[in-house]
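Enquirer:
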Amino acid sequence: MANVHVLDHPLIQHKLAILRDKNTPVKEFREMIGEIAALMCYEATRNLPTQEVEVETPIATAKVRKLAGKKLAIVPILRAGLGMVDAMVQLIPSAKIGHIGLYRDPETHKPVEYYCKLPEDVENRQVFVVDPMLATGGSAVAAIDFLKGHGCRNIVMMNVIGCPEGVKAVQEAHPDVEIYLAALDERLNEHAYIIPGLGDAGDRIFGTK
1 MANVHVLDHP LIQHKLAILR DKNTPVKEFR EMIGEIAALM CYEATRNLPT QEVEVETPIA
61 TAKVRKLAGK KLAIVPILRA GLGMVDAMVQ LIPSAKIGHI GLYRDPETHK PVEYYCKLPE
121 DVENRQVFVV DPMLATGGSA VAAIDFLKGH GCRNIVMMNV IGCPEGVKAV QEAHPDVEIY
181 LAALDERLNE HAYIIPGLGD AGDRIFGTK
């Protein structure tokens, strides 16, 4: 799986252990989602292009490197993806933010769109699609479909936890998209939940049932 990156950094794995624990309260769960997203963002942006410029330090002229090339956008899949956005914006504050609203039909487990609002120039940006869970892959594939329909050609998928079924779905539909995961779990159960997973990420982020 050349375009799948499972991040095994000790800090990510420690925070992921807290996320998985069913006894972790909402406040701490929400904080851990954000902290993991920030650590993943650090890795997912490792290959952004830079250019050399000169600045004046208090002592002398220095040659330094700044980001170059395409601007960035963060597009959470509502609603759970919202839990990853703020921490990423702290690292890349100039990024624009779009939103894609999808829900999973409880009978078919297929995604249904209810909202899509993207930056006007999204086609000129590198887009990070974020959602804590990559389960069936249906929502991820649909979100990437929408983005490509708006002209996006540089898309990265970031999920805290994925499973083989979801990864396969994205790879088959969009083999050009890089996928970053904090963990690749075993499988889906009969209700299309990831095993062992962490339950419903949206409910645990927002304290709902």
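Using the UniProt record's numbering, the first residue of the sequence shown is number 1, and each one after it goes up by one. We treat Cβ as the ideally placed atom computed from N, Cα and C, and that holds for glycine.
Pairing CB atoms from the segment 53 to 65 with CB atoms from the segment 10 to 21, are three or more of them under 8 Å?
Expert: The segment 53 to 65, when compared against the segment 10 to 21, does not touch it at the 8 Å Cβ threshold.
Enquirer: Could you give the DSSP three-state label for His5: helix, strand or coil?
Expert: Three-state DSSP puts His5 in a strand.
Enquirer: What does DSSP give as the partner residues of Asn159 in its beta bridges?
Expert: The partner list for Asn159 (beta bridge, DSSP) reads Leu181.
Enquirer: If we ignore side chains and look at the alpha-carbon of each, how far apart do Phe146 and Tyr115 end up?
Expert: Rounded to whole angstroms, Phe146 to Tyr115 spans 11 Å at the Cα level.
Enquirer: Do you know how far the Cα of Ile195 is from the Cα of Asn154?
Expert: Distance between the alpha carbons of Asn154 and Ile195 is about 30 Å.
Enquirer: Since Arg46 is in the alpha helix (DSSP H), which residue starts that stretch and which ends it?
Expert: Where Arg46 is concerned, there is no enclosing alpha helix (DSSP H), given that its DSSP letter is neither H nor E.
Enquirer: Using 8 Å as the threshold, is the C-beta distance between Leu48 and His9 below it?
Expert: No, these two residues do not count as a Cβ contact at 8 Å.
Enquirer: What is the DSSP secondary structure of Lys63, reduced to helix, strand or coil?
Expert: In this structure, Lys63 counts as strand in the three-state DSSP scheme.
Enquirer: Run through the segment 55 to 130 for me and flag every whole alpha helix (DSSP H) of 4 or more residues, listed as ranges in chain order.
Expert: With a minimum length of 4 residues, the continuous alpha helix (DSSP H) runs that stay inside the segment 55 to 130 are 85 to 91.
Enquirer: How far does the alpha helix (DSSP H) with Arg20 in it extend, from its first residue to its last?
Expert: It spans Pro10 to Arg20 - the alpha helix (DSSP H) in which Arg20 sits, taken as one unbroken run.
Enquirer: May I ask which residues mark the beginning and end of the alpha helix (DSSP H) holding Ala142?
Expert: Gly138 to Gly149 is the extent of the alpha helix (DSSP H) around Ala142.
Enquirer: Determine, using beta carbons only, whether Glu172 and Leu188 come nearer to each other than 8 Å.
Expert: Cβ atoms of Glu172 and Leu188: not closer than 8 Å.
Enquirer: For Phe29, which residues from the same chain have a beta carbon less than 7 Å from its beta carbon, with the 5 sequence-adjacent residues on both sides left out?
Expert: Closer than 7 Å at the Cβ level, and outside the excluded window around Phe29, lie Leu19, Arg204 and Ile205.
Enquirer: If I follow the unbroken alpha helix (DSSP H) through Pro164, where does it start and stop?
Expert: Looking at the DSSP string, the run of the alpha helix (DSSP H) that includes Pro164 is Pro164 to Ala173.
Enquirer: In this structure, how does DSSP classify Leu134 when only helix, strand and coil are distinguished?
Expert: Looking at Leu134 - three-state DSSP - the assignment turns out to be strand.
Enquirer: Around the C-beta of Val26, are 16 or more other C-beta atoms found within 10 angstroms, so that it is buried, or is it exposed?
Expert: Exposed is the call here.
Enquirer: Considering only DSSP beta bridges, list what Leu188 is partnered with.
Expert: Answer is Ile194, bridged to Leu188.
Enquirer: Whole angstroms is fine: what's the gap from Gln13's alpha carbon to Gly34's?
Expert: The straight-line gap from Cα to Cα measures roughly 14 Å.
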